[in-house]
Structures are given as C-alpha cells and as structure tokens.
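Sequential numbering of the sequence shown, starting at 55, is according to this note's numbering. From the three backbone atoms N, C-alpha and C, an ideal C-beta is built for every residue, glycine too. Working notes, beginning with the structure itself.
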Amino acid sequence: MTELAIDPTVTEARVTELHAKQQITEVLHRRARAADRRDVDLALSCYHDGATEMHEGFAGPAAEFTRDRSMISPNSTAPVTFLWHFISNVLIDLHGDEADVESYHIALVGRNTEAEGATHSTIGGRYLDRFGFRDGRWAITERTVVFDWSRVDPETTTYWKLVGLDESTLLR
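As structure tokens, then:
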C-alpha cells in the first residue's frame, strides 16, 4: 500500500474554503430533499431570515414562497403525486462570508389531473443563489430559479406493472 503524499498546497485556508463549499453543497441538497419530501420546515432552514426567491413568476420573501405558494406548501392545490430533484454542476465562488452559487437541477414532477390524467414532467434548469455565512452557518440569502427546458409525458404504465412486480410489496 502506498502512503498518502503530503501536498504542500493544502493550507488551513484551503481546508476552510473546502469546508465552506461542502456546507453550501449540503444546503443545496437539503433544499432539494425538502421539496421532494414536502418538508416546509426543512426548506425554511435552508434560508437566512429575510431571504428572497424568484421562482415560477413569484418574486418576494423566500419564506412566503415556501409556506404559501410552492408545491410543498400546505396550501398548495397542485395535483402533484411525486417530486424528485437532482442537483449537479455546483459552482461556488466564495467572497469572505458570502458566496455566489450556480447549480443545475433536473426535477421530475408527477401530476394527475382530471383533464390530462397522469403525467410525468421533466424540467431542467439552474439555481442562481447567493449564500451568506451568518450565526455560524451557510444559508441562502437570494435565490433565482431559471428554467431552461422541460417536457411532459403521459404515464402509460409503471415500471412495476411492466415487469410484473406487486407494487404493494415495494419499499416506499
């Protein structure tokens, strides 16, 4: 077994930078998980007080969007059957206690309406975020959601039915 070489470019400042970037990336993942699990409290924990959000025609307080306007809001009437968000291509530019962050997202959205029946939407876009380090934690201070492309497909069957699995025995 080869011994790990010591890299002289790894300084305390570099470790601090990498730690900040990891914390920011984890906030992005928690925010995606919050949407998928419809967990408003977890979503709100990803923002600092006073954060703003520009999303689906809404521009204002992130807390208002999350609590009252988003698909995860308890007030939502959106016929959503599932949400899955995937985060990738995270680029973080640190400026002291602030960071500019761009990440790609692909969201899968299941819907079921009387008019359209069951559909699966695939949406690709980017999150343009501003993060701040306050009270010992990184969180979003400004979020702009950019939608780059989308498609909607009718649900013809499920994989489980296609391969003959009993859906009631599968883990959820």
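{"Query": "Identity of the residue in Phe112, Ala116 and Arg91 nearest Leu98 by Cα", "Result": "Ala116"}
{"Query": "Beta-ladder partner(s) of Ser142, from DSSP", "Result": "Tyr158"}
{"Query": "For Pro208: DSSP bridge partner residues", "Result": "Thr173"}
{"Query": "Close-in-space but distant-in-sequence residues of the same chain around Arg92 (CB under 6 angstroms, 5 per side omitted)", "Result": "Ile126"}
{"Query": "Reduced DSSP secondary structure (H/G/I, E/B, other) of Glu66", "Result": "helix"}
{"Query": "Straight-line Cα distance separating Ile177 from Ser204", "Result": "4 angstroms"}
{"Query": "Run of the alpha helix (DSSP H) containing Ala97, from where it starts to where it stops", "Result": "Val94 to Leu98"}
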